[in-house]
Structure formats: C-alpha cells, structure tokens
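Residue numbers (this note's numbering), protein chains in the order written: chain A, 1 to 179; chain B, 180 to 558; chain C, 559 to 1063; chain D, 1064 to 1278.
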Amino acid sequence: MVGDVTDEALKATKIKQFLSVLAGRYFNWAGRKSLFTLHLGIKCCAIEMAAAATPRFDGDRFGVLFRSSPRQSDVLLVNGPISKKFADKIVRLWEQMPEPKYCIAMGECAISGGPYFQSYNILEGVDTVIPVDVYIPGCPPRPEALIDGFGLLREKIIRIGAAPSSGRKGDKPIIVGED
Amino acid sequence: MAQMWITMGPQHPMTHGLWTLRVKVDGETVVDTEAELGYIHRGVEKIAEARDFTQITPYCDRLCYVSAMTWANSYIYAAEDLLEVEVPERAEYVRLIAAECQRLASHLMWLGAYGPDIGSLTLMTWCMRDREMFLDLLQELGGSRMHYNYPRVGGIKRDIPVGFADRLIAKVKLFEHRIDEYEMMLDESTIWLVRLQGVGYAKAEDMVNAGVSGPNIRAAGVNYDVRWAHPYSVYDQVDWEPAVEKPTSVKGADCYDRYRVRMEEMRQSCRMILDAIEKIPGGKNTNYANGDEMILAKAPTRAPEGASGFSHYECTRGASQFYIQGGGDGRGKNPYRLSIRSPMFITIPYVAKTMIGYKVADIPAIMGSFDPCIGETDR
Amino acid sequence: MDDKYDLVGFFLSKDGLLRSGIIGVLEGTPLEESAGSLSFAIATFAVVNVVFLMLFFSQFAILWIERKAVARMQDRYGATTALRSLWVGENGVTAGEWWNMLPFGLGKPLGAVNKWLNKNFGNRDENFATVDRVNNRSWMGKTIVPGFFQNVADGMKFLVKEHMVPQRADRLIFEVSPFLIVSSTLLILGMIPLSSGIYATNPDLSILYAIAIFGIAPIGVFFAGWSSNNKYTLIGGIRSAAQLTAYEIPLLLTLLSVAILSGTFNIIDSIHFQHSAGAWNIFLMPLGAALFLITMIAEVERVPFDMPEAEAELVEGWWTEYGGMRFGMLFMAEYIRTYAACFLFTHFFLGGWHLPFHGTLASLPVVGAAVPLVPGAIITLVKSWLVFLIVFVWARFALARIRTDQILEFGWRMLLPLAVLQVVLALVYRLYLFSPDGMSAKNDPAGGMAWDAFGIPYLVPILTTLFWLGVFFVYLNDEDKSVNQERMFHVHTDKPAGTVTPGQE
Amino acid sequence: MRITNEQADTAAQAAVEVITGRFGGANVTASVEHHANALKMAFVRVHVPPQHWTALAKHLRFDLGVNYCSMVTGTHYPEGGADRGWEVVYHFMRQPVEDQAPHTNTVHIAEALKGDAIPLEFEIVITLPQGDTPSVPSVQNIWVGADWNEKETWDLVGIQFDGHENMHRVLNPHDSPDGFHPLQKQHKIRYHDFNEMYDDAQGFGRKPTDEGRVK
C-alpha cells in the first residue's frame, strides 16, 4: 500500500526517470570500465589470457582483472573447447555469476569446436550451452585481439545499457537453486 | 577431528588447467586424494586417423599449449621413423634451437605460474615478460605466437630468417642475466625457502616406477635424460650437460629441488642454443629457400600397413612418446592408429598421492612444482 | 605541538562562527536555555562528518597508489582509466543524446556541457579514429592521474551487481556478517586524528579503543566463512580466527610499550609526547615498530600473511561466496583497515603531524616561521601513504605467502617473546633513561631534550637505532649458503618426510 | 655425449638372447630392430601371446631391470583376420636409476655405460584374436606406471585388463554408455559418417558426471 503510493509519487515527479537516466549513465560507465574476468583456464587461449595481463599487453590498463570466484566476476571468458564432461560445469559457473554478466568466447574451440569440431567429446561451440556476447576468433587469438574483444564488449554494454533494470522485483535477492 | 572431502576444481587456481583434485582433509592435513581428469579430452588420437601426416602437426602443436614446438617435434620424429626419412643436419640444428627456445619459454611459464601458487604475484609478470622474448623468436620461425606448425616430415617449414641469429644470441645472453635476477629474488627469500624446502618429497625409484619423467626425476638425482639416453637430433654435437639436482640427506626430491633443476635446465638450454647457433651447418646468417634440400628432405606421404614409428622425446615436462601405425585410410596416407603418451597423464595421479601427509596450503606448492599441463594430459 | 589548523576548535568553541550563530538565532526562543548543548550537538555532528569524509575519501588515494605502484614493480603501466570515456563513449559508440530523456528539460544544461566536453576533449577528428581509439582513456595521451577513476568504477559497478545468497547458506548470518565487518572497520576511523585539531572523537583511552575495535572484525570473518556453507570459506574463516588470535597479543603488547613510553593511552597525547620529548618512537623502539608492522600486516591479512584468503588453494578464501556490493564493501573494509594501520603506525612511531627534525626546522630563521603553517593533516596523510607504499605494497608484491602452521609458529614463538622484551625495554627506557626535566612545553615548536644521556643530546635514540640496525644486519648476513647444504626447513608431518611411499598406504 | 649405436646394439642383442633363451619355446619371439629415422637406434621388439605376458613382464622387470612403463597402445583391427583382431603394444624403457648418496651426484658418461646400465627401449606386441571382449593380463602390480595407461587403453579402445583393480573411465565422461570405446574402428568421427554414438552430440539431457560420486 505504502509502496504503491510512493511509486505513484515517484512516477508523478519523474524522479525515477531522472535518476535512472542520470545514474544509469554513470553505472553504465562503471560497469563497462571495470570488467572482472573469471580466472578460468581451459586450454591454449588461457595462456594468451594470462599474457594479456602481463607487462607487454597489460589488461589492467583497461580495467580487466582476474578473480577466481565466479561470484565476483562479470565476464566469463571461455578459452577452450567444451567437452561433454565440462559442459554442465561451465553452465554451473555461468549460473553462479551475478547479473549483469557477459560471456566472451575466445578462440576457435569456444566458437565452433575449432580443430576438434569432429571430435566425439567436444561441443560445437560454447554457445550451444550458454549465451555468448562477443566472439574472438583466432587459434589462439593474440592478446591484442583479446583486448579488442573487451573493447567490443564495452561497445555492447553502452548499447544495451547496464543500468539496473526497472523490471527487477523488489530487493529480494535471487537465490541460487531456488525456483 | 572430523574429516571432509574438498573438491578442488575443475575451475580452481591450483589446477593450472582443467581437472579436479578431491582432497580429504583432517583439519589442515591432507589424508587422501583422488585425481579426476578428462575435462578437455578432445579425442586427438581419433581425429588423427582422418588426417594425413602433415595435417597432424597442428594437432600436436595444440597438445600442450605451453610447449607446442617440442610436441610437434616429438610427433615428427615418430613420423620420420614410420616414413623412413633422413633429415638434413641443418634442419636438425634449427629444430634443436627451436625446441630449446620453447623449453625456455615453457619453464618460464612454469615459474610464472608457480609464483601465484606460492603467493608471489610479481614473479608471474616478470616471467611472462621474459617469455615474450622467446615467443618473439619462435614467431619469427613459425609465424604465430603459440602454435607454430613448424617442423615438417623431413625437415622444417622454412629456414631461420636473416638476422635471427643475432637477435637470438642477444636475447639469450640477456636472459642468462635474468636467471640470476630470479635466483636473487627467490633463493634469498626465506619465505620462498620455507614454503618449498621439505615439502612434497618423492623418492627417485618410486617416481621412475610410476612413470614420472623429465625434470621431475632429475630433481631426485636420477641422471636420465632422453636427449642422451635415447638420442635423437644433434644433441651430441652441442655443448651441454643434463641438469641433475644433488640429493640431500633425505633421499628424493622436494619442491625446492624441482625448482632448482628447472632453473638449471634453463641455463643449460641457453648454453645449448648459444653453441648450436654457432655450429649450424650452412651458416647462421644464410636463409635457404623453402623446400631447399638443406632444410627439407623429400619424404614419402604414404606408409605401408604393418609399419610402425616410435619416438621418445624430451619434452619440457618429461618424456613424450608417439607411436604410429601406418596403413590407414587413403592407402596409407593417414595413420591407422596414432597413440600419444603424455608425461603429465602419468604424473598427475602420482602427484596427487604425493600430497598425502602435507598441509592444504602445500597442495598448490606440490602440484605446481611438477608443472602440470592439462592439454597434453587429456589429449 | 598543536596544529595551527584547529577544525575542532573552530566548530566547537563557543565563540566560533557556527556555535555563536546558532546561539544567536535561538536567543529569545524557548530553546534558549539549551542553546549551548544544541549548538554543541550540531557542531559535533558537523566535525565528525567532515573528518570522516576526509578520511574516507583520502583512502581512494591508497587504492590508486597500490594499483599504480604494483604495476610499476611488475614492469606494467597499470590502470589508465580516466573520466573521458564518460562523455566520449567507447570506440566512437555513445549513448546518444541521453540528456533529452530527462524530464522538464532539466538535461539541457547537461547536454550543453556534454557537447562542449565532446567538442574539446573528444575525438579530435574522425580521420584520427584509430589513434583516438588507442588513446581512448586519455586526452591525446595525457591524463592527470591515470587510473585514479578505475577504483571509482570498480566500486560503482559493485552497486549494480546482483545480490546472491547461496541456497544452503545460513541466510541471516551470511547477510549480517559483512555489516559487522564494515561497521566495526569504519568505527576505527572515528578514533584516528589527522592532526591535533582535526579528529572526530578523542577519548582518553583511544589506543585501547582502536585495538578493541580491530578485534571485532575477525568474528565477522569467522561468521562469514562459516555461514557461506562452502568448504573454502570455512577453512578461510578458521584460519583467520587462528591467525588473528595469535597476532593480536603481540600487537597489544607492542602498543602497551608505546603507552608505557609515552605515559598515556591517548593517541594525540602520545604524539605530543614524541614532540615534547624530542624523539619519535621509532628511534626509541625500532623493535616495537617492526613488531607493530608485522602484526598489523597479519591483522589486515595481506601478503605474506594472507592465509585466510590464500588464492592458490582457497579460491578467494572466506569471501569466496560474496559477490556484488557485499564483496565491494568487504574489499573496501580491507583497505580501510590497512589505511587505519598506516595511520596508527604514523601516529605511534612517526610522530603524527610533526615534520622530521621539527625542532631544528622551527629554530631556523626564515623556515621556522613557515613550519607551523604547513597543515598537520597533510603531513599525516603523506606519511601514512608513504608507510602504505613502502611497507604494505612493497611487502605484498615482493614476498610470497607463508603457510598457516608457519604463521602461527612465527607468531607464538618469535613475536610474542619479542613483544614481551619490548615491554621490558620500554619500562627501562621510561624509568631510567628518561629525564622529565628535558620535556619542552606542549606548544614549544623547538621540541624537547628528554632523551639525552651524559649531556650528549639525543644519545639514547641514536644508540638505540644503531644497535637495532646492527642486529638487523647481523641477522641479514648470517647465512652462508655455500656451507649449508642441508635443507634449512623441514615439515613436521605425522610421518617423517621421505618414508611415505605414495599409493601403497 | 650420447649412447652410441654400438652400445644400443650390444644391449639389445644381449636382451634378445636372454629373452629367447628363457621364453624361446613358448611362442615368444624377440628381435633387435632399428628405428628408421636419422640416428637409427636399436630397440627390442618382442611378440608374446597373452598367456605368457605376465611371466615375461616379471622377467623384464626383475631380471632385465626394465623399470619404466612408458605407454600402452591398443589397436582395433576389424579386418585383420581371425587371429589378429586386436593388438596391444607396450613400450618400456630401461633407465639407470642409482640411489644417490647424500650430496653426491653421479654424472653418467654415456659412452662408458655397460651391460644393464645402458638405457634401452622395449616394444612388446601382444596380438589378440577377433572378438568382442579382448583381454590381456594386467601388469598394474608390476609397474605402477602401467596403472593409468591401462585405464586409458580400456577407456578409449576397450581392451580389458584382467586383474586390474579400480578400473574406471579416465578421459571419457563417467556416464558414457557401457561398451562405448571411441577408438574402436566402428566409430567414425563426426561429419564423416553419422553414427548412433553422436545422438546427443551437444551433451544435453545428461546428468552431472559426478552424480553419486561426490563425497
């Protein structure tokens, strides 16, 4: 009841719109400037992912940091082939990450299975199990390409807007595993 | 105290890849372990049965993503055994130089990845910085940063470029100083010694019996190196000696020994490269055209049924082996069966058992000191 | 001596602008009688907020210092994010004319400003698109403080992240414990003076209070680790509890010796003492300073004592399950604790807001007049930033992490006896080497001569420093590595090393 | 510095004589072979029927000092005739392991090594008849290193190792159907020939691999 009245008042004054445009602008900036990446090394591209964080390429310049816990990550960087054994694990990792989250498929294996597309144990791309935002082709892509991929992701974040969506229901947290 | 199982992996900083270690802990002490592999099993052996002998090389590059050159070489020696090819000496020298550059890059990657295992983040960036030097050199040969597809059956894809030798010598000499720098940073840090010494003992005979190979057994005082024991290439013509660590009063190798032996091996690789580039037949500043008989011998493309090829190769993590049976599809154009023996596939279950009795905090220290690479493990 | 810039006095003195204004306004109203207390309450509120905001926002500097200093140590450049991309967008992609979405045309001035910024600081020319894309985080390659806003972006991003609670976690405790940690951490800042005139509160026993508050957060850490229902967090929480217990006692003893030496439990008084007696505490008890730093690094859980969040084996340690704003707050609380540790070291050992050689400088002819004009708060901040840079950051990125049992052994068997020794030394200094006659007056800029011996000025601090430096160098060079071929350190497991045959138990 | 061809030849000849002298009557044929690549080193190839494999393995391990099991290769020959349906190839190495005294380091001079100290390579070929359940005796308890190699060979090729304890899948998922061994020749790789094993190519509709195994 009280909440409804408040909502009406907010609507009348357009304060919500004001705040969401103004604050969303800044939150969008923050969200795209600070992309914490899950420290997940699958195969070859993992080494290039590591190289992107080291002196010559230095992803830290662009706010790309690696966290080991999916709860604290924004980007799932899939850098290798997804085997049948790992398919449900990577879905679980994806589900453990809080929104807003993005997925980058790095390298041919993650895009389509790459050289292993004929294998009996490899999925044809990670997009068969989780949605992918940015594809970075290469086998493996150079670290420059990875940094460029993060640039593309930023463009995408600008376009879709990273402000808190107005459709979210209340402040109730989403509990993992609860329907 | 109650005991519990902890599942470390597949996504875990300790794993250096994608595998699972189940650890049963009693407080902070490890009482039982169990390794679980296969998360990036790609069926290379099956795919290779539908590829001809040249097409298999890129797959062998991608077996171990840190030492592509040595794995490709390893396959090529088996293919040459199968197809009965004699390789020009210049090509053997170039392969040796490329493989030793790759060994330096791989050991640097190991040291870099070992740093965060122990908690030293700076070591990671320093090592990766120096690794770039050798990746640049290998890139001049193969054209790519990691997967070179460089050796061919009967030789090499293309000759060393003009000026490569000077850059190689300059970088290797610089790196010899950098090794001293690392040792200054690590060996004189009491924390580094405290974490490594006395941790992860493994006895020499147990390791050999269990199939562990390479630097991991040389750390325990076993003087065995494929490069002289089952010789291939021209290692007998260059100046080097195997890096073997002296056993301490407790027999066997601890993490510190394994760290020392790899540092020593990097020195030996530098020595080898500097010697080989001077002795290379045909001159170090000559560039032969692609397919010249100095660098590429004529090789048949088909192998008869019943023929088999085998190679035993000192990869950066141990002895890798390829066994190829000829006479596959396309009237022998493809191998009938290609079998790959990865050193880490045998080592990882062994290491998992080595951790018993140590602390939880020692798990990354022990695991990292054996230098796991899951790409070759799962194939 | 007192700082010239007396914020507290400005707000709280009865003749000050604020209070006299309030009292004047209330004159003749029914509140006239309580005008004094009312104005006091308002003034206190103002002071507390101002000081707290100063402390809180100055800690963005240490986040930036760490990020950039670490990058330089690692041969990198470090974060370069500037605010420019806020209006220029990414790679030429902008959010359009968003200001037109604001109601009532309120966004028109914003739009004008934005257009002006875009025109002057945006991409120079579409022909330079590639160059500008590379330089996207700066204006033609120039930034004022490159990367300062990276931490702002990180913090703001956490605000909009989803809040997740693991299904089987203990919901209440999981939600409460971050607030326990953060609130107790913020309370530390309340005790920390920036100078004699800029502080939020100043109780008589502020040293004890600060340390007591420091001891609350470990309980929150333990709760957080337990309630997440994750084995990594559980181990991290237990490690944290064990480690903090072991290091709290040497820390308390070290602070006890500070209190003994300066004869007070008040932080500000102890700084006054350092000036009046003529020597900073670090020269009188270098051992105590070292103990304080070591135990403080352990208290704030940074490398080499960061076992509770050991990334190699425990993923992220006790905060593995926290994401979003909870994680952001915990992250910030960690840095606030570190920052508080730097402040405490500055105050207890580096003479707070006093310049080095303050007495000598003050006696010089021209400089002496200028010395009191330097704001004490600036000196304090610079000192604590330097402590953070030289000790905390350097240690974190030069050293490796030691193991739990080694941490505990080090704490109980080395630090604790040394801390007791330091208490005894402090007693001896205070009782036998301290001459109260040499104490200067509180506001004498020249400082005192209380630590003279045999008529030689400053003999006691000089001898003490030289002695401990000698001990340090002897210990540094006692290892002859060519002789010692045995392993220096062995692990004590239930079976002797080398006797276990793996796989055959 | 390397083992010379003559050394390898001598050692291989000696090993062949020992093996032939002991097992010659039991349909075990040993021969000295040479690699065909540049250095042409010698190695020992032994053909052994499965029933004598355990005895030969013990002989190799304890008398000839073959201490290192390198690899186990299983091959499927669906068109190889009645008595050659499967083949198992073991590769062994003999490595000189000295129990070094503390603080000592024996540097082998390769050219001076003699007798059993010379590193040597053994290739053991076991041919199995056609059939659905090829099996050889396990040597898991003779070489620890054979343990996971045999697991892998069973997992990928389907050769059964009698007496192998704790046999389980190591590379394929634990929930792979029984009898699915991808390196058998009836399985074609994807896009070459559709096969029933790729029905669930994307891996949907599967249970977690560690169901019931998580402790």
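All residues carry an ideal CB built from backbone N, CA and C; glycine is no exception. The model shown is predicted, which means the values in this text are computed figures rather than measured ones.
Contact check, residue i vs residue j under 8 angstroms by CB: the rounded distance?
| i | j | result |
| --- | --- | --- |
| B:Leu261 | B:Gly488 | 3 angstroms |
| B:Pro479 | B:Gly505 | No, B:Pro479 and B:Gly505 are not in contact; Cβ-Cβ is about 10 angstroms, not under 8 angstroms. |
| A:Val132 | A:Cys103 | 5 angstroms |
| C:Phe950 | C:Arg895 | At roughly 11 angstroms, the Cβ-Cβ gap does not stay under 8 angstroms, so C:Phe950 and C:Arg895 are not in contact. |
| A:Arg71 | A:Pro98 | 7 angstroms |
| D:Val1091 | D:Val1109 | 6 angstroms |
| C:Arg520 | C:Gly636 | Only positions 559 to 1063 of chain C appear in the structure, and residue 520 of chain C is not among them; the question remains open. |
| D:Trp1211 | D:Val1233 | 7 angstroms |
If we cut at 8 angstroms on Cβ distances, does residue i have a partner in chain A?
| i | result |
| --- | --- |
| C:Leu717 | yes |
| C:Leu1027 | no |
| B:Glu311 | yes |
| C:Arg797 | no |
| B:Leu262 | no |
Tell me, please, whether the CB atom of residue i is closer than 8 angstroms to any CB atom in chain D?
| i | result |
| --- | --- |
| B:Asn252 | no |
| A:Gln118 | yes |
| B:Phe549 | no |
| A:Lys85 | yes |
Within the same chain, show all residues whose beta-carbon is closer than 7 angstroms to that of residue i, passing over the 5 residues directly before and after it, in chain order.
| i | result |
| --- | --- |
| A:Pro137 | Glu108, Ile111 |
| C:Glu806 | Gly773 |
| B:Ile358 | Met442, Met445, Arg446 |
| D:Trp1217 | Gln1223, Phe1224, Met1230 |
| B:His326 | Pro237, Asp240, Arg241, Ala247 |
| C:Gly881 | Lys719, Met722 |
Only counting the same chain, and skipping five residues up and downstream in sequence, which positions put a Cβ closer than 6 angstroms to that of residue i?
| i | result |
| --- | --- |
| B:Gly390 | Ile525 |
| B:Cys449 | Val351, Glu355 |
| C:Ser742 | Ile771, Ile774, Ala775 |
Run through DSSP, which three-state label would residue i get?
| i | result |
| --- | --- |
| B:Val223 | helix |
| B:Asp315 | helix |
| B:Val209 | strand |
| B:Glu472 | coil |
| D:Glu1274 | Residue confidence for D:Glu1274 is low, a pLDDT of 48 falling below 50, so the modelled location carries little weight and cannot support an answer. |
| A:Pro83 | The sequence shown places Ser at residue 83 of chain A, rather than the Pro named in the question. Three-state result, A:Ser83: strand. |
| C:His833 | helix |
| B:Tyr329 | coil |
| A:Lys122 | Checking the sequence shown, residue 122 of chain A turns out to be Ile, not Lys. Correct three-state label for A:Ile122: strand. |
| B:Ala482 | coil |
Within 8 angstroms (strictly less), CB to CB, does residue i reach chain B?
| i | result |
| --- | --- |
| D:Leu1154 | It should be noted that the sequence gives His, not Leu, for residue 1154 of chain D. At least one chain B Cβ lies under 8 angstroms of D:His1154. |
| D:Ser1133 | yes |
| C:Val873 | yes |
| C:Ile793 | yes |
| D:Glu1184 | yes |
So, at 8 angstroms on beta carbons, what are the nonlocal neighbours of residue i in its own chain, with the 5 sequence-adjacent residues on each side left out?
| i | result |
| --- | --- |
| B:Val373 | none |
| B:Asn466 | Asp338, Ile339, Pro340, Val341 |
| C:Leu752 | Val609, Met612, Leu613, Trp911, Gly934, Ala935, Thr938, Leu939 |
| B:Asp418 | Arg450, Met451, Asp454 |
Is there a Cβ from chain C that is less than 8 angstroms from the Cβ of residue i?
| i | result |
| --- | --- |
| A:Trp94 | no |
| A:Lys43 | no |
Contact between the region 328-335 of chain B and the region 272-286 of chain B: three or more CB pairs below 8 angstroms?
-> yes
Taking 8 angstroms as the threshold, find out whether the region 889-904 of chain C comes into contact with the region 559-577 of chain C through three or more Cβ pairs.
-> no
With contact counted as at least three CB pairs below 8 angstroms, one residue from each stretch, are the region 239-249 of chain B and the region 541-556 of chain B in contact?
-> Yes: the two stretches touch, three or more of their Cβ pairs being nearer than 8 angstroms.
Sufficient close CB pairs (3 or more, under 8 angstroms) joining the region 510-525 of chain B to the region 279-294 of chain B | no
Do the region 533-544 of chain B and the region 378-388 of chain B touch if we need at least three Cβ pairs shorter than 8 angstroms?
-> They touch, by the three-pair rule.
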